Amino acid sequence: MSAVANTPTTGRKNYVTAIKEALFEEMERNPDMICQGEDIGILGGAFGATDGLLAKYGSDRVIDMPIAEACIVGSATGLALGGKTVMAEMQFIDFISCGFDQIVNMLATYHYRTAGEVNMPVVLRGPAGAYGGGALYHSQMNEAWFCNSPGLKVICPSTPYDAKGLLKGALRDGNPCLFFEIKELYRKREIEELLPEDDYTIPFGKAAIRHEGTDVTLVSYGQNVYHCIQAAAELEKLGVSAEVIDIRTLVPLDEDTIFTSIAKTNHLIVVNEAPMTCGFAGEIIARVAEKAFEYLDAPPIRITRLDTPVPWVKPLELFVLPSVEKIVQAALKSVKF
Amino acid sequence: MSRESGTATAEATPIHAQVSNLRPRDLLSKEDCLEMFRQVYLARYFDVRLIKEKKRGRLKGTLYSSHNQEAILVGALFGLKPTDWISPIHRDMPAFFLKDLRGDWNRPDRIGMSIEEVCAQVWGRVDSPGRARDNWSHIGSRSKKIIHSTSMLAGTIPVAAGLMYADRLNGGDAVCITFNGEGSTAQGIFHEAINYAAVHKLPVVTVVENNQWAYGTPFELGCATPDVADRAKGFGIPGLIADGQDVFDVYDKVMMAVEHARSGKGPSIVECKTFRAYGHGDHDDDRANKYRPQEEIIAGRARDPIGVCRQTLLDLGYISAAEATTYHAEGKNASEATNEDFPPEVVDYLNAGIEFALQSPLPAAEEGAMWVFKENN
Ligand SMILES: Cc1ncc(C[n+]2csc(CCOP(=O)(O)OP(=O)(O)O)c2C)c(N)n1
Ligand SMILES: [Mg+2]
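Going down the list, the protein sequences come from chains X and L. Its first residue numbered 1, the first sequence is counted upward by one per residue in the working numbering. Its first residue numbered 1, the second sequence is counted upward by one per residue in the working numbering.
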């Protein structure tokens with residue numbers, strides 16, 4: 001699905017393996033890099049993303065932290081002040097709220113406050129997203145909080161290729177990055193893919209077109225990209241040609257790819273699994289309204305989680321979340337407007 | 001006023017004291033002691049002068065006075081190596097220029113901020129180390145080894161801990177002192193960060209300035225143990241108590257904690273008992289005279305750190321009775337004190353800083369939108 005380079009490959013890899021490879025390669029490349037988080041060393045991470053790091057790099061550089069998210073972020077900031085590059089894992093992205101102040105007030109503002117004296121090469125990464133029955137506190141997509149906090153880059157890969165390339169890019173970026181991994185994709189067989197053997201990174205602010213089309217543009221990121229791709233297939237059967245854009249990074253946002261697409265399709269649907277109000281879908285639509293209004297032939301539509309928490313049991317969970325069906329219906333409504 | 005918290009203090013006793021029964025202060029020279037006295041005067045004068053500047057209309061913004069707490073700043077900083085780090089808060093404005101202040105105060109190679117930089121910050125001018133992007137004590141410097149604070153109380157303790165972790169990996173032997181009010185010790189991050197520092201035996205010394213009040217809230221409504229130092233037991237680290245009015249007692253206790261940290265034994269808490277002279281900030285001066293009983297204020301300010309230090313120097317024979325009466329700053333509020341109450345070098349030093357600040361321009365407006373991100377192209 002992604003643009004794998006023509007380099008020799010090493011067999012198909014899943015998403016979490018791609019993350020793991022990125023961490024191993026960057027630890028190898030950068031002796032000043034440190035990984036820390038809850039259960040990342042001895043256990044190898046709740047999802048195995050850091051499995052083997054401790055054995056290879058030792059407890060000085062791979063730190064099993066106390067269960068204290070604010071301290072995990074705050075000490076990562078201190079390590080960066082001391083010249084280190086830090087990957088700090090949130091065991092589930094839901095728990096990042098416990099470290100919120102240290103992220104938005106301490107880490108995100110550091111470069112700004114010091115008028116550029118201090119860089120903060122800190123990547124906060126963790127498993128995010130719903131559709132797995134994780135219930136209220138193991139299902140969240142809280143990326144919008146951080147998009148609303150200047151100084152943070154916000155990244156959400158949807159493929160193994162992107163996960164590796166974007167994570168390696170984040171670890172070299174020199175700015176604090178919030179890296180939302182989709183835990184439902186970690187071990188999904190269908191999306192396994194060949195990864196380049198050579199070192200590669202993916203630049204931020206470059207969206208990927210996952211499916212080309214001419215009638216309606218479906219913009220998304222993370223897990224919902226797959227819902228959009230399936231919706232595009234359904235729409236095809238109904239004679240509607242949908243283009244699917246995976247933005248990959250929210251901050252910075254690749255507006256151009258979106259604008260270029262709607263210049264062609266004149267219809268826009270934005271899908272994200274976070275709640276609607278003040279969510280990132282609304283931000284995308286606001287930018288289109290400000291800068292590309294004349295391309296639209298119909299009001300843009302948001303398909304998001306309802307403004308509810310994520311409930312546990314399946315029927316409830318699916319009821320509140322975006323689905324292929326909801327996207328198809330929205331696209332049909334839009335093109336018929 | 002000074003009380004030691006039993007076994008914890010013994011653990012922090014430095015090697016030389018165990019062998020010789022010497023206190024850290026016993027190794028200070030006469031010149032050192034006189035210098036500390038001068039620095040207490042300097043810290044007081046800074047406070048007095050800023051209040052006067054504001055009254056004269058030459059300065060805007062809230063002032064957080066360190067009046068009556070200067071011995072803590074001077075005593076805590078005096079024994080540090082230049083390469084040690086500090087993390088001051090709102091009550092500690094003089095700490096920025098007191099760091100590594102010995103010999104010639106205008107030494108350009110000093111690893112602390114110059115008075116010019118600090119005044120430029122207070123006045124919000126472009127020559128501030130943070131180019132006046134945040135106010136008051138929210139400045140820092142990597143080269144000067146001062147952590148850049150935010151408003152969030154206790155928020156720099158995890159940063160200090162992470163920084164010391166990095167320093168240890170880098171082969172350094174630095175110690176970091178973080179300053180905090182007693183009220184801030186109720187913050188979750190205070191506990192998260194000291195626990196982490198204790199687990200990894202990181203050289204972080206938390207100096208708690210217990211001035212009995214956190215804005216309008218008395219100590220006992222923020223902490224259920226008689227002393228903040230008691231909190232140390234829960235982390236398995238030493239908790240020491242110093243007489244915050246006595247620069248030499250603060251020096252002793254902080255140096256014990258610093259040596260403990262530098263020798264790899266980990267963090268400590270040093271609680272310095274003191275009393276906030278005025279309101280929380282100068283906007284609170286009037287109300288603070290109402291919510292705090294007059295007797296409490298009088299008792300809390302009875303032992304002015306200038307007077308306590310002078311008496312020690314007299315007892316040691318380092319100054320004569322005649323010299324002891326040259327300046328009279330102690331016990332005086334900013335409105336009562338004059339330049340004649342301070343050594344002239346103290347006045348001159350600050351004058352230079354203020355003059356520099358007043359001629360330093362404001363930053364260009366566009367800077368407000370700069371440095372959100374590090375640019376990568
Ligand atoms: C996290 C946070 N909560 C509240 C405040 C507002 N505030 C600033 S100073 C202060 C009182 C601090 O008291 P203490 O820690 O004892 O320090 P002191 O001012 O007495 O030196 C408060 C409540 C803040 N700056 N940060
Ligand atoms: Mg206080």
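Virtual Cβ for every residue (Gly too), placed ideally from N, Cα, C. Small disclaimer: the values here were computed from a predicted structure and weren't measured.
Looking at residue j and residue i, is the spacing between their C-beta atoms short of 8 Å?
i	j	result
L:R56	X:A115	no
L:A321	L:R44	no
L:A120	L:D127	yes
X:T265	X:I209	no
X:P176	X:K13	no
X:M106	L:T150	yes
X:T217	X:I262	yes
L:V48	L:I306	no
X:Q230	X:V335	no
L:V204	L:A161	yes
L:E182	L:V208	yes
X:A144	X:I155	no
X:V118	X:G99	no
X:I285	X:I327	no
L:R310	L:A324	yes
Any heavy atom of ligand 1 within a distance shorter than 7 Å of the CB on residue i?
i	result
L:M400	In this structure chain L extends from 1 to 377, so residue 400 of chain L is not present and cannot be described.
X:M27	no
L:N180	yes
L:M152	yes
L:H67	no
L:L209	Note that residue 209 of chain L corresponds to Glu in the displayed sequence, not to Leu. L:E209 Cβ: within cutoff of ligand 1.
L:Q245	no
X:Q102	no
L:H90	yes
L:H283	no
L:Q187	yes
Could you tell me if the beta carbon of residue i falls within a distance shorter than 7 Å of some heavy atom in ligand 2?
i	result
L:E220	no
L:E296	no
L:G183	yes
L:A334	no
L:R276	yes
L:A214	yes
Give the straight-line distance between the Cα atoms of residue i and residue j, rounded to the nearest whole angstrom.
i	j	result
L:L362	L:W136	15 Å
X:L43	X:D198	29 Å
X:E190	X:I63	33 Å
L:M255	L:D100	15 Å
X:L318	X:E21	33 Å
L:M393	X:S59	Nothing about residue 393 of chain L can be reported from this structure: the residues present for chain L run from 1 to 377 only.
L:A357	L:S263	41 Å
X:G48	X:G41	10 Å
L:S2	L:W105	Annotation note: pLDDT 40 at L:S2 (below 50); position unreliable, no value reported.
L:A334	L:F342	12 Å
L:G222	X:Q329	56 Å
X:P196	X:L178	24 Å
L:G317	L:S114	32 Å
X:E28	X:L54	13 Å
L:N195	L:A257	16 Å
X:R344	L:P158	Chain X is shown only over 1 to 337; residue 344 of chain X falls outside these bounds and no answer can be derived.
X:P150	L:K374	12 Å
X:Y221	L:F235	43 Å
L:P14	X:A46	Below a pLDDT of 50, predicted positions are generally treated as unreliable, and L:P14, at 46, falls in that range; the measurement from the model is reported next regardless. Rounded to whole angstroms, L:P14 to X:A46 spans 43 Å at the Cα level.
- Contained alpha helix (DSSP H) runs [length at least 4] in the region 265–352 of chain L, N- to C-terminal order: 285–291, 294–300, 305–316, 321–324
- Any chance you could list the beta strand (DSSP E) runs of at least 3 consecutive residues sitting entirely within the region 108–144 of chain X, in chain order? 122–128
- the region 232–252 of chain L contacting the region 269–278 of chain L, beta-carbon criterion three pairs below 8 Å: yes
- Would you call the region 233–253 of chain X and the region 302–318 of chain X in contact, with 3 or more CB pairs under 8 Å? no
- Query: Is there contact here, the region 206–218 of chain L with the region 73–80 of chain X, by at least three beta-carbon pairs under 8 Å?
  - Reply: Because the criterion of three Cβ pairs below 8 Å is not met, the region 206–218 of chain L and the region 73–80 of chain X do not touch.
- Whole runs of the beta strand (DSSP E) within the region 216–286 of chain X, excluding any shorter than 3 residues: 216–220, 242–246, 249–251, 268–275
- At which residue ranges does the region 31–109 of chain L contain complete beta strand (DSSP E) runs of 3 or more residues, listed in the order of the chain? 85–87
- Query: If we count Cβ pairs, one from each stretch, closer than 8 Å, do we get three or more for the region 88–102 of chain X versus the region 123–140 of chain X?
  - Reply: The region 88–102 of chain X is in contact with the region 123–140 of chain X.
- Item | Validate contact between the region 284–294 of chain L and the region 339–353 of chain L using beta carbons, cut 8 Å, 3 pairs | no
- Query: Do the region 164–179 of chain L and the region 88–97 of chain L meet, that is, are 3 or more Cβ pairs less than 8 Å apart?
  - Reply: yes
- Item | Any 3 or more C-beta pairs closer than 8 Å across the region 141–150 of chain L and the region 65–74 of chain X | Because the criterion of three Cβ pairs below 8 Å is not met, the region 141–150 of chain L and the region 65–74 of chain X do not touch.
- Those runs of the alpha helix (DSSP H) which lie wholly inside the region 32–118 of chain X and span at least 4 residues: 53–61, 69–81, 110–113
- Query: Unbroken beta strand (DSSP E) runs of length 3 or more, entirely within the region 123–190 of chain L: which are they?
  - Reply: 176–181
- Taking one C-beta from the region 57–75 of chain L and one from the region 363–373 of chain L each time, how about it: are there three or more such pairs within less than 8 Å? no
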